Structures are given as C-alpha cells and as structure tokens.
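For the sequence shown, the residue numbers in this note's numbering are -6 to 155.
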Amino acid sequence: MIEFDDPGNFSNLKEAQIRSLWDRGVKGWRFDPPFKLAGHENQLKAALGGHNARASFFRKGQVYAGVVLNCQCKTCLGTQVNFVLDKKINIIAQQVGGLSLTRLTENKVTLERRNESAFEEHVLQEKADKEQRQRRQTRMRELIKMSEEQQARLMNGQPIAD
C-alpha cells in the first residue's frame, strides 16, 4: 500500500502551507480538466478510494482543481481508475512517488509514477528554455557581426568571402 500521510511526508503542515506546495507543484495531484462538483465533497472522497476520507481538495474559483490523496493502494487505485474512466477527468501526480492516472480511451487508463515533482520538472524546463534563448541570442550576435564585417569589406572594395 502506498500511503502519503506519514510524518515525513508533509502531514504536519498547515492548510495554507499545503496549498502553497500544491500551487507550486511539489505536493498532491491536479485534476485535468478541473471540474464543478455535482454533489457533496464526501462523494468525491469516496470516488477516490476508501482510504482517502481525509483527502484535501483545492479549488480555483468554482472548480475543483486538485487534491492531496492519502492513499493509492490497489483498492483505492481501482476506484480512482473508475473515477477517471467515468468522469473523463485525469488525476495527475505532482509529487515524487505519486501515480498519475490518464484516460487514453473509453476503457483504458495509464498509470505513471512521478520520478520528480512537477515543480522540478518546471524548473528544468525553464532552465532549458533559458539556455536555448541564450544560444539563439549568441548565434544572432555572431550573424550580426559577420554581416557587419561583410558590409565593411564591401565598403572598402574587398571581396566578401576569403
């Protein structure tokens, strides 16, 4: 059984701190797409598995955007798979070790364990994007310099290529 409610796993944090960690992509799962709840929150907790009676939900306006689950054991995963299939809402892990449940077809769901947090993934992507921008800027400066050198040669009556 995979439990996410042990003392070393954020259980002593206050609600605002947990929300901050969820917003940053360090903890919890997000719903894709976010949805409006047609019923009571306890029904949603039951739809995510019996061990998730203390699950914490996160809303953005009127829609449910995410959750901190307490369990993804085989039984709870089974109910989570049914939720994903029935509601057509993916449950995407943000924290290391969490399982993402993604609906592929009418009756097929993939489970994928997260090896790095969504936050880490985002930081690495930002770093890669920055490096790519720097390479493009460097290349642009090189091209401008080459163009200026060619213009100077033309102005002095020299051939462009050596």
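Cβ coordinates follow ideal geometry from the N, Cα and C atoms, glycine included.
Every value quoted in this text rests on a predicted model; they were computed, and no experiment measured them.
{"Check": "As assigned by DSSP and simplified to three states, the class of Glu99", "Outcome": "coil"}
{"Check": "Touch test, the segment 85 to 102 against the segment 7 to 21, Cβ-Cβ under 8 Å, three pairs minimum", "Outcome": "yes"}
{"Check": "Nearest-angstrom Cβ-Cβ length linking Asn45 and Cys69, presumed shorter than 8 Å", "Outcome": "6 Å"}
{"Check": "Among Lys67, Lys7 and Gln127, the one whose alpha carbon lies nearest that of Ser49", "Outcome": "Lys7"}
{"Check": "Minimum Cβ-Cβ distance from Pro27 to chain E less than 8 Å", "Outcome": "No chain E is present in this structure, which holds just one protein chain."}
{"Check": "Neighbourhood of Ala103 by C-beta distance below 7 Å, restricted to the same chain and skipping five residues each side", "Outcome": "With the sequence shown as reference, residue 103 is identified as Thr, and Ala is not the correct amino acid for it. So the qualifying residues of the chain are Thr95 and Leu97."}
{"Check": "Coil, strand or helix - Gly43 by DSSP", "Outcome": "helix"}
{"Check": "Beta-carbon contacts of Phe28 that lie in its chain and below 8 Å, excluding the five residues immediately before and after", "Outcome": "Val56, Tyr57, Lys80 and Ile82"}
{"Check": "Short Cβ contact (8 Å threshold) for Gly42 with Gln73", "Outcome": "yes"}
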